[in-house]
Each structure stands twice: as structure tokens, then as C-alpha cells.
Amino acid sequence: MDVESQGGSDSGHIYLHLAHVEGILKPLKVSDTEVWTPYISRGSLDRYLSANKATVDNTQRLRWFRDAAEIIFRVHRQRVLLADISARNFLVNADLSLQLFGFSKSVIILVEQALDEFISEDFLSIKSDIARFGSMMYEIVTGHRYEFYVTPEIEADLQDSEPKIYRQWPTSEKLPATTDVFLGDIIRKRWLRDGFGSIDDVCVALHCAHAPGKEEEPDATLDWWYLLGIATPMIILTVIAVRHFPWQKAADALSFNRASG
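Per this note's numbering, the very first residue in the sequence shown carries number 70; after that it's consecutive.
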């Protein structure tokens with residue numbers, strides 16, 4: 070058993086709020102000051118990568134990215150912004166699937182606030198979570214760290230700091246080159262202001278991606294409930310369109326054209 074002291078009752082409240090969410094590490098006990106979590110033998114993803122660098126290939130990385138994206142998708146559906154998204158916040162199970170833990174900086178968005186428009190006092194948002202996930206991917210793929218925060222209150226960009234701090238969302242020329250990076254296009258689109266607008270879009274992009282040079286086996290951990298959640302709005306829209314299409318007018322028009330002919 071591990072004891073996690075992080076931010077008092079706020080972190081514990083987030084754990085309890087997400088207790089039913091698949092992919093979240095289930096705490097053994099939550100108090101006003103501490104969270105007791107079960108011991109996971111393989112440890113955090115960053116430590117696992119350090120110890121197994123030679124044996125982890127891009128196919129496995131892609132599986133982890135898909136797994137992580139689906140977990141974040143479920144968390145966002147519970148109206149929670151994670152804020153701290155990195156390899157150290159994911160634990161590796163015996164089957165190499167992931168569990169998310171550590172919510173000391175996370176925020177619950179009230180029901181009356183629009184999820185895609187919300188920006189916290191610390192400038193946290195859906196977009197910032199997506200960008201952090203992009204930085205996590207970049208570090209896992211390249212071994213180099215690039216992380217940024219947007220803080221309009223500062224007088225000038227702090228580009229020499231780590232993480233970097235910008236007054237406004239960074240433009241493309243301020244981002245690291247990703248042309249020759251595995252999944253570089255997806256990573257870059259997570260950083261760009263006009264890139265991915267939701268974690269749903271990120272999940273779809275990752276499920277469409279492939280690791281070059283190796284045939285992928287069917288993903289046994291594929292979240293069909295997630296895919297159904299993505300497809301359902303499109304199905305509903307199609308049904309509504311079909312139901313409201315003026316079929317009778319179309320039939321009358323066709324009959325008139327035939328009679329005229």
C-alpha cells in the first residue's frame with residue numbers, strides 16, 4: 070500500500086468523484102490529508118520506460134497513448150480537468166495497461182459552466198489538458214521534454230524556463246520540430262491553438278494511427294463504449310435528418326417529372 074499526501078481534501082474529493090471511472094486507480098482509503106492507494110508492482114510509466122527503454126517499441130507506445138487518451142476522455146466526461154498529465158501520473162499494470170492517479174492540481178467544472186469554454190483562475194482548460202498530453206507523448210517518443218503554460222499576467226514570454234511560460238498560446242514557430250517524430254503530426258496538433266478541440270478528436274486520431282514497420286495485432290483493450298459514444302451523435306443526427314427529410318414532396322416532384330416527360 071502506498072500513501073499519497075497531496076493537497077488535503079481536494080485530491081481526495083477528486084478521487085471519490087472519479088471512483089467509478091475505468092482506468093482510474095481506486096484508492097483504498099481517503100482522509101482529509103492523505104490518500105491510500107494500492108501498490109502497483111510495475112510502478113509509474115516514466116520509471117517503467119527508464120528501466121525498459123531497449124524493449125519498448127512504437128507499437129507499445131501507441132497502445133499506451135490510446136489507453137491514456139481513453140482514460141482522459143472518461144475523466145473529461147466527468148467534468149474534471151486533470152492539469153498534471155505526464156508519464157509519472159500513469160501506473161503500469163501487469164498486462165501493460167495503464168491506470169491514472171494523482172489529482173492534486175485537478176479541477177471539477179460546475180454543471181452550469183460550458184466544458185469547452187471553461188478557463189480556471191490558473192488558466193486550466195480542455196485545451197491545456199490536450200497540450201499537456203501532447204507534451205507527455207513527445208517526451209515518451211523523443212526523450213526530450215517540452216511543456217508550456219499560458220499565463221496572460223506575465224509581462225514577457227519566459228522561453229528559457231522549464232516549463233516554458235507564454236503570455237499567449239504559442240505559435241507554430243515556437244514549437245519543437247516534429248516532422249521526423251513518431252506521431253509528430255498528432256503531437257503538434259495537440260499543441261496548436263487551432264488544433265484538436267477535444268480529447269474525443271485525439272482518441273479518433275490515435276485509433277487511426279499505426280506504428281510503421283510492424284503489423285498491429287487487434288487491440289484487446291479497445292474501448293468500444295468510447296467508440297460508441299463518439300458514433301452516437303452522428304447516428305442520432307443521421308436519424309433526425311432522415312426523419313425530417315420531406316420525402317412526400319420529393320416523391321410528388323418525381324411523379325410530376327415523370328408525368329411531364
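The C-beta atom is built at its ideal place from N, Cα and C for all residues, glycine as well.
Computed from a predicted structure; not experimentally measured.
How far does the alpha helix (DSSP H) with residue i in it reach, from first residue to last?
| i | result |
| --- | --- |
| K258 | G253 to W260 |
| Y117 | L114 to A120 |
| Q147 | No alpha helix (DSSP H) holds Q147; DSSP gives it neither H nor E. |
| L94 | That residue, L94, is in no alpha helix (DSSP H); it is neither H nor E in DSSP. |
| L275 | I268 to C277 |
Excluding sequence positions up to five away, which residues of its chain have a Cβ less than 7 Å from the Cβ of residue i?
| i | result |
| --- | --- |
| R262 | W238 |
| L227 | K233 and I234 |
| L85 | V99 |
| L276 | The amino acid at residue 276 is misidentified as Leu; the sequence shows His. R135, listed in sequence order. |
| V125 | L118 |
| L87 | I93, V144, Q147 and V149 |
| A278 | L131, L252 and I255 |
| K95 | A88 |
| I223 | I234 and R236 |
| G282 | none |
| D229 | none |
Quick check: residue i and residue j, are their CB atoms within less than 7 Å of each other?
| i | j | result |
| --- | --- | --- |
| V90 | R143 | yes |
| A274 | T128 | no |
| F217 | Y235 | yes |
| L169 | I255 | no |
| E148 | I178 | A small fix is needed here, since residue 148 is Arg in this sequence, not Glu. It is a contact, given that the beta carbons lie within the stated cut-off. |
Apart from the five residues just before and just after residue i, which ones in its own chain have a Cβ nearer than 8 Å to its Cβ?
| i | result |
| --- | --- |
| A152 | K174, S175, V176, D191, L193, S197, D198 and R201 |
| I268 | A138, I141, F142, H145, I195, D198, I199 and F202 |
| A225 | R236 |
| T247 | Y207, G253, D254, I256 and R257 |
| D185 | I195, G266 and S267 |
In the DSSP assignment, the beta strand (DSSP E) including residue i goes from what residue to what residue?
| i | result |
| --- | --- |
| Y207 | Note, Y207: premise wrong, no beta strand (DSSP E); alpha helix (DSSP H) at I195 to T211. |
| I234 | K233 to Y235 |
| Y84 | First-last for Y84: S78 to H86, but that is the alpha helix (DSSP H), not the beta strand (DSSP E). |
| L160 | F159 to V161 |
| L167 | L167 to L169 |
| V104 | V104 to T106 |
| F217 | F217 to V219 |
How many whole angstroms separate the CB atoms of residue i and residue j, which I take to be in contact at a CB cut-off of 8 Å?
| i | j | result |
| --- | --- | --- |
| G266 | K258 | Going by Cβ atoms, the distance from G266 to K258 rounds to 10 Å, so no, they are not a contact pair. |
| E242 | R214 | E242 to R214, Cβ: 19 Å. No contact. |
| L97 | T106 | 6 Å |
| R130 | V210 | 6 Å |
Skipping 5 residues on each side, what residues in its chain have a beta carbon closer than 6 Å to that of residue i?
| i | result |
| --- | --- |
| V271 | A138 and F265 |
| D115 | A156 and R157 |
| L244 | W260 |
| G171 | N158 |
| V219 | F192, Y235 and W238 |
I'd like to know if the stretch 193-209 and the stretch 125-141 are in contact, where contact means that at least 3 CB-CB pairs between them fall below 8 Å.
Contact holds: three or more Cβ-Cβ distances are below 8 Å.
Is the stretch 148-162 touching the stretch 106-115 in the sense that three or more CB pairs, one from each, lie closer than 8 Å?
Because the criterion of three Cβ pairs below 8 Å is met, the stretch 106-115 and the stretch 148-162 touch.
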